[in-house]
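Just so you know, we're using the numbering used here here: the sequence shown kicks off at 347 and counts up by one. From the three backbone atoms N, C-alpha and C, an ideal C-beta is built for every residue, glycine too. Bear in mind that the values here come from a model prediction, so they are computed numbers and not experimental data.
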Amino acid sequence: MTKARSFALALCIAVALTLVAIPAAGATTQRTDASGVWSWGENYGGSAFDLGKLVGGNQFFTGYEYGGWTGTFTGTSYEPFEGIIFKSGTLWAIITINFTGTVFGKSGTAVMKLTVNAPPPPVTMGGRWVIVSGSGGLRHLHGFGTWTFVNDVFSDDGEIVLYSYADYDGTVWMH
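If you want it as structure tokens, here you go:
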């Protein structure tokens with residue numbers, strides 16, 4: 347083997363070992379199960395729901411809500427959303443969860459994207475969530491999972507939905 351080939355082989359091995367070591371050195375937490383309750387509505391600061399265009403029997407909408415989180419995620423959130431109610435009655439939406447709170451005892455903010463899939467009533471709604479960014483103590487937070495709507499809680503007179511809530515579960519980690 348020539349000196350040039352030996353040097354190239356040694357360089358390739360050094361680069362490969364470095365690439366393997368970098369992710370291992372940066373990993374601070376193993377993947378962990380996440381679970382808890384996500385609530386939203388009037389008890390958390392309100393919400394707004396605005397109907398947009400009606401196109402071919404499909405109703406577009408936008409809005410926002412404020413929420414609260416218990417379990418793996420502990421904190422509050424501001425949640426703008428947009429979606430469509432199809433002529434069939436199926437609802438589909440995207441919610442941007444702007445979370446402020448703690449995960450693994452670390453405080454900060456995180457942004458999650460959450461999908462809403464709701465077949466026509468009386469079938470319940472649910473969807474998926476994924477963490478897209480974080481800051482402060484949550485700047486290295488990653489994760490994904492699912493959520494399932496559980497129930498609405500009404501005022502004593504039954505006129506106002508005070509809040510709604512859903513169970514969430516998934517996997518989170520710091521890296």
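Would you call residue i buried or exposed, if buried means 16 or more other Cβ atoms sit within 10 Å of its Cβ?
{"i": "I506", "result": "exposed"}
{"i": "G398", "result": "exposed"}
{"i": "I440", "result": "exposed"}
{"i": "V401", "result": "exposed"}
{"i": "G392", "result": "exposed"}
{"i": "T418", "result": "buried"}
{"i": "A394", "result": "exposed"}
{"i": "S510", "result": "buried"}
Grab the span of the beta strand (DSSP E) containing residue i for me, first residue to last.
{"i": "R474", "result": "G472 to G482"}
{"i": "Q405", "result": "N404 to G417"}
{"i": "P426", "result": "T420 to I431"}
{"i": "I443", "result": "L437 to V449"}
{"i": "H488", "result": "L487 to F500"}
Measure the CB-CB distance between residue i and residue j and report whether it falls below 8 angstroms.
{"i": "T517", "j": "G491", "result": "yes"}
{"i": "L508", "j": "E388", "result": "yes"}
{"i": "G413", "j": "W438", "result": "no"}
{"i": "G429", "j": "V462", "result": "yes"}
Short of 8 angstroms in beta carbon distance, which residues of its chain neighbour residue i, apart from the five on each side in sequence? Order them along the chain.
{"i": "K459", "result": "I440, I441, T442, I443, W475, V476 and V478"}
{"i": "F500", "result": "I506, V507 and L508"}
Can you check which of these residues, the options, is closest to residue i by C-alpha distance?
{"i": "T436", "options": "N404, W415, G421 and Y514", "result": "N404"}
{"i": "G489", "options": "T422, D503, V457 and V496", "result": "V457"}
For residue i, which residues of its own chain have a beta-carbon under 7 angstroms away from its beta-carbon, when the five flanking residues on both sides are left out?
{"i": "G482", "result": "S453, G454 and T455"}
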